[in-house]
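Chain order of the listed sequences is A and B.
One point on numbering: in numbering that gives the first Met the number 0, the residue at position 80 of the first sequence is 79, and numbering is uninterrupted.
One point on numbering: in numbering that gives the first Met the number 0, the residue at position 83 of the second sequence is 82, and numbering is uninterrupted.
Here a beta-carbon is modelled for each residue, glycine too, at the ideal position from N, C-alpha and C.
Below you'll find the structure, written out as C-alpha cells, and then a few comments.
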Amino acid sequence: MAYRLLIVDDSPAMRALVRRVIGLSGFDLAACFEASNGQEALDLLSREWVDAILTDINMPGMDGEEFLRRLASDDVFRSVPVIVISTDATQHRKERLRVLGARGYLSKPFLPETLRAELEMTLGVSG
Amino acid sequence: MNETAVSVSLREAVDEVLETMFFIESEALAGDRPAEEVVASSVEFEGSPSGTLRLRITLEAARGMAADFLGEEASDLPAARTAEVISELANMICGATLSRVESETTFRLSAPVTTLETGSLTLTAAGAAACHLGIPGGALSVSFPCHGAGS
Numbered sequence: 000m001a002y003r004l005l006i007v008d009d010s011p012a013m014r015a016l017v018r019r020v021i022g023l024s025g026f027d028l029a030a031c032f033e034a035s036n037g038q039e040a041l042d043l044l045s046r047e048w049v050d051a052i053l054t055d056i057n058m059p060g061m062d063g064e065e066f067l068r069r070l071a072s073d074d075v076f077r078s079v080p081v082i083v084i085s086t087d088a089t090q091h092r093k094e095r096l097r098v099l100g101a102r103g104y105l106s107k108p109f110l111p112e113t114l115r116a117e118l119e120m121t122l123g124v125s126g
Numbered sequence: 000m001n002e003t004a005v006s007v008s009l010r011e012a013v014d015e016v017l018e019t020m021f022f023i024e025s026e027a028l029a030g031d032r033p034a035e036e037v038v039a040s041s042v043e044f045e046g047s048p049s050g051t052l053r054l055r056i057t058l059e060a061a062r063g064m065a066a067d068f069l070g071e072e073a074s075d076l077p078a079a080r081t082a083e084v085i086s087e088l089a090n091m092i093c094g095a096t097l098s099r100v101e102s103e104t105t106f107r108l109s110a111p112v113t114t115l116e117t118g119s120l121t122l123t124a125a126g127a128a129a130c131h132l133g134i135p136g137g138a139l140s141v142s143f144p145c146h147g148a149g150s
C-alpha cells in the first residue's frame with residue numbers, strides 16, 4: 000500500500016529533509032503534501048485526504064498544539080494519525096501532546112531510520 | 000545548574016545535532032580566527048530559563064552543511080536556502096540544550112533570525128557557556144546563557 004503524508008513545519012529546510020529522508024528510506028509514498036502551519040494544514044486537509052500527518056509544534060500562526068486540538072474536534076480528521084516532530088524532548092511535553100491526540104513523537108535531532116520506524120509503527124505497517 | 004553543567008549540556012547538544020542530522024564530527028578549536036564571512040543565527044527561548052542562543056558558522060562550512068542536509072549541490076544553493084538550514088541547526092541545538100538543562104516546564108522557541116555578516120567567529124559573553132569547534136570546511140561557535148538555567 001502506498002501512503003499519502005502531510006508534513007507541517009514552518010522550516011522549509013526541515014520539510015525538505017523529512018520528505019527526502021522518507022523518500023530515501025524506501026517508504027511506499029503515493030503523495031507528500033506540505034504546509035507551514037496548522038491553518039495551512041487544515042486548509043489542505045479540506046481538499047486532500049492523507050493517511051498520516053507529521054507536524055512541528057513551534058510554528059507562527061496556528062501552532063502544533065492548536066492544530067492537534069482542531070483535528071481532535073473534527074469528526075473526520077480525528078482518525079488521521081499524527082506524529083509530532085519537535086525540538087522539545089522533555090517528558091511532560093510528550094505527555095501533553097499525547098493527551099491532545101498525538102499518536103507518535105519524534106525528538107529532533109533524529110536518525111533517518113527512527114523516522115521511518117515511527118511512521119511504520121504509527122501506520123501499523125509491518126517491516 | 001552551574002556554568003560548567005550548562006557548558007557540558009551545550010557541547011553534548013551540539014555534537015548530537017551535528018552527528019545525527021549532518022553526519023559530521025567536530026573538534027575543539029583553539030585560538031581566535033581573523034574576521035571572516037560568517038552566517039549568524041539567534042534563537043530566543045521562553046521558559047525557565049529564558050534567553051537567547053547565538054550561533055556563528057563560517058560561510059563555506061555553512062554552505063557545505065546546507066547542501067548535504069538538503070541533498071543538493073553546494074554550488075547551486077541560493078544563500079536563502081543556506082540560511083534556512085542554519086536556522087534549523089540553531090533551532091535544534093537550542094532545543095537539544097534546553098531539553099538537557101530544563102526538565103520541569105515547557106519551553107517555547109522563537110523563529111530563528113539568520114544573517115550573513117563579516118566579523119569574528121568566536122562568540123563570548125559574560126554569564127554564557129560557549130563552545131568553539133572545528134568542523135569540515137570551517138568552524139562553528141555557539142553560546143548559551145547560564146543565567147537562571149535549570150533554576
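If we ignore side chains and look at the alpha-carbon of each, how far apart do cysteine 93 of chain B and threonine 89 of chain A end up? Here the alpha carbons of threonine 89 of chain A and cysteine 93 of chain B stand approximately 13 Å from one another.
Take the Cβ of methionine 13 of chain A as the centre, count every other Cβ of all protein chains shown within 10 Å, and call the residue buried at 16 or more, exposed below. A buried status is given to methionine 13 of chain A, since no fewer than 16 other beta-carbon atoms sit within 10 Å of its beta-carbon.
Assuming leucine 52 of chain A and valine 20 of chain A are in contact, meaning their beta carbons sit under 8 Å apart, how far apart are those beta carbons, in whole angstroms? One point to set straight first is that residue 52 of chain A is isoleucine, not leucine, in the sequence displayed. Under the criterion of beta carbons closer than 8 Å, isoleucine 52 of chain A and valine 20 of chain A do not qualify as touching, at roughly 16 Å.
Can you find at least 3 beta carbon pairs, one from the region 128-147 of chain B and one from the region 70-87 of chain A, that sit closer than 8 Å? No: fewer than three Cβ pairs fall under 8 Å.
Between the alpha carbons of proline 11 of chain A and proline 111 of chain A, how many angstroms are there, rounded? Between proline 11 of chain A and proline 111 of chain A, the C-alpha separation is close to 18 Å.
Which residues, taken in chain order from the region 28-51 of chain B, show a beta carbon closer than 9 Å to some beta carbon of chain A? Of all residues in the region 28-51 of chain B, none has a Cβ within less than 9 Å of some Cβ in chain A.
Under the rule that 16 or more other beta-carbon atoms within 10 Å means buried, what is asparagine 1 of chain B, buried or exposed? So asparagine 1 of chain B ends up on the exposed side.
Exposed unless 16 or more other CB atoms sit within 10 angstroms - verdict on aspartate 74 of chain A: Burial call: exposed.
Which chain B residues are close to lysine 93 of chain A, counting only those with a beta carbon under 8 Å from its beta carbon? Correct list: empty, because the minimum Cβ distance to chain B is about 10 Å.
In its own chain, which residues sit with a C-beta less than 7 Å from the C-beta of leucine 9 of chain B, not counting the 5 before and 5 after it? Taking leucine 9 of chain B as the centre and dropping the five residues before and after it, the same chain places the C-beta of Thr96, Ala128, Cys130, Val141 and Phe143 closer than 7 Å to its C-beta, in chain order.
At the level of alpha carbons, what is the spacing between leucine 23 of chain A and arginine 3 of chain A? Arginine 3 of chain A has its alpha-carbon roughly 16 Å from the corresponding atom of leucine 23 of chain A.
Residue ranges of each alpha helix (DSSP H) within the region 5-84 of chain B, 4 or longer: 58-69, all fully within the region 5-84 of chain B.
What does glutamate 83 of chain B touch in chain A if you count any residue whose Cβ is under 9 Å from its own? One finds Ser10, Pro11, Ala12, Met13 and Ala15 in chain A with Cβ atoms closer than 9 Å to the Cβ of glutamate 83 of chain B, taken in chain order.
Per-residue burial, aspartate 75 of chain B [other beta carbons within 10 Å of its own, 16 or more giving buried]: In the assembly as shown, aspartate 75 of chain B is an exposed residue. Its beta-carbon has fewer than 16 other beta-carbons within 10 Å.
The beta strand (DSSP E) with histidine 131 of chain B in it runs from where to where? It spans 127-134 - the beta strand (DSSP E) in which histidine 131 of chain B sits, taken as one unbroken run.
May I have the straight-line CA-CA distance separating glutamate 45 of chain B from proline 59 of chain A, to the nearest angstrom? Using only the alpha carbons, I get a separation of about 15 Å.
Quick one: which residues of the region 73-97 of chain A get their C-beta closer than 9 Å to a C-beta of chain B? List them in chain order. Residues passing the 9 Å Cβ filter: Ser85, Thr86, Asp87, Ala88, Thr89, Gln90, His91, Arg92 and Arg95.
Where threonine 121 of chain B sits in the DSSP three-state scheme: Correct three-state label for threonine 121 of chain B: coil.
Starting from asparagine 90 of chain B, find everything on chain A with Cβ-Cβ shorter than 9 Å and list it in chain order. The answer, in chain order, is Ser10, Met13, Asn57, Thr86 and Lys107.
Would serine 25 of chain B and aspartate 14 of chain B be called neighbours here (beta carbons separated by less than 8 Å)? Yes, the pair counts as a contact, with Cβ atoms nearer than the cut-off.
Would you say cysteine 130 of chain B reaches chain A, if we count a Cβ-Cβ gap shorter than 8 Å as a contact? Contact of cysteine 130 of chain B with chain A is not assigned, every C-beta pair being separated by 8 Å or more.
Just tell me which of B:Glu101, B:Ile56 and B:Gly30 has its CA closest to the CA of threonine 113 of chain B. When B:Glu101, B:Ile56 and B:Gly30 are compared, the shortest CA-CA separation from threonine 113 of chain B is found for B:Ile56.
Boundaries of the alpha helix (DSSP H) in which isoleucine 6 of chain A is found, first to last residue: For isoleucine 6 of chain A, no alpha helix (DSSP H) segment is defined; the enclosing uninterrupted segment is the beta strand (DSSP E) at 2-7.
Less than 8 Å between the beta carbons of aspartate 27 of chain A and methionine 0 of chain A, yes or no? Their beta carbons are under 8 Å apart, which means aspartate 27 of chain A touches methionine 0 of chain A by this criterion.
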